[in-house]
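The opening residue of the sequence shown carries number 686 in the working numbering; numbering runs sequentially from there.
Glycine included, C-beta positions come from ideal geometry on N, C-alpha and C.
In this text, all values refer to a predicted model and were calculated from it rather than measured experimentally.
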Amino acid sequence: MLPWWVFAFASAIFATFFTIFRKKGTRKENALEFELTRTTFNALFGLLLLPFLTFKYTLTSILIIYFTSILASIGILLASKSLRHSEISQVIPLHNLTPGFLAVLAFLFLGETLTRNQIIGLVFLIIGAYVLETEHHNPLKSFLKHLKSRYVDYAIISAFIFSITALLDKYIINLYTTPFDFLFLIWIFIAINFMIISFISHNGIKSIKNCIKTTKHNVVLTAFFSFLANASYLYALSLTYVSLVMPISKLSILMSTLIGGEIFHEKGILKGAISSVIMIIGTLLIII
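Encoded structure:
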């Protein structure tokens, strides 16, 4: 059997490709239609997990997974909108805020104490976000200006939502089902959620056809790498502690900033990379 770190690194690499193809796809397509199509393909790719599923679900576990899928759907849509209208190097590093939000939520609602390292880590996350969203000629003014950007706010809110779903993911996998059973069911639920939203506000199933026509292979590749990243990450978690897996998986943010920024000829690559490194250090301090 391959060691856990192979799957953790694989998850980071797959997540990098996911971000790049997602950016390419959302440049040409409405975020809702793109995510409807992407999550539908994610659910279809989930069929590959059938040989590994136990199908040991209870009514309680199904309800909790569906509730989690609602939050995840909101986070996915906000993240996609922020990426569509912003540079990768501006919004992707903000995803590093998730471990910080997670630590604070665990402190407030689970009674977990914040250690000195975790507090220092939170400070690093704040500094990293500040570096990312400021310009050297007037740091405070530019920081406040960026925070007023709807799409920067979307990225921060999505990071907060994903911190909540991370708590729920851990709770569900620890008490109710296996990682692959969870992944299989939640992607079905997320696809259903986007289908419902699309039927209400867009063209339903026609949106999938339009998205495939517009983005061609990008949406399929986005879904494929998203599925591989999630499966690799959850499998790595099943082999070792989250404190070991998460720092490696967060390398995808740095790689996405550097590679994606170069591909799309972005201006803030260096600043995004510096911010990513600072925030990864903060993540390490929080979870180790």
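Backbone CA spacing between residue i and residue j [nearest angstrom]
| i | j | result |
| --- | --- | --- |
| I749 | K956 | 39 Å |
| N895 | L734 | 28 Å |
| I882 | L729 | 19 Å |
| K709 | A697 | 19 Å |
| G813 | S960 | 5 Å |
| I849 | T783 | 9 Å |
| H902 | I893 | 13 Å |
| F884 | S758 | 15 Å |
Cβ-based neighbour list, residue i, same chain, cut-off 6 Å, excluding 5 preceding and 5 following
| i | result |
| --- | --- |
| R723 | V904, T907 and A908 |
| Q803 | A788 and I971 |
| F702 | F910 |
Same chain only: Cβ atoms within 7 Å of residue i, ignoring 5 sequence neighbours per side
| i | result |
| --- | --- |
| V962 | L939 |
| H770 | Y836 |
Selected residue, minimal CA-CA separation from residue i, among the options
| i | options | result |
| --- | --- | --- |
| A716 | M931, L860, S941 and T900 | T900 |
| S767 | H780, F949 and I755 | H780 |
| F910 | G796, L762 and A695 | A695 |
| A876 | T704, E714, F726 and A693 | F726 |
| G953 | A757, S774 and L795 | S774 |
| F740 | P932, F692, Y920 and T863 | T863 |
| T942 | V930, Y926 and M964 | M964 |
| I857 | T745, G946 and E951 | T745 |
| A840 | L762, N915, L913 and L852 | L762 |
Short CB-CB distance (under 9 Å) between residue i and chain C
| i | result |
| --- | --- |
| T968 | The question asks about chain C, but that chain is absent: this structure has only one protein chain. |
Same chain only: Cβ atoms within 8 Å of residue i, ignoring 5 sequence neighbours per side
| i | result |
| --- | --- |
| T798 | F792 |
| R712 | R769 |
| F949 | K708, E772 and I773 |
What are the complete beta strand (DSSP E) segments, minimum 3 residues, inside the stretch 912–942? Runs found: none.
What are the start and end residues of each continuous alpha helix (DSSP H) run of 4 or more residues lying completely inside the stretch 693–733, in chain order? Runs found: 716–730.
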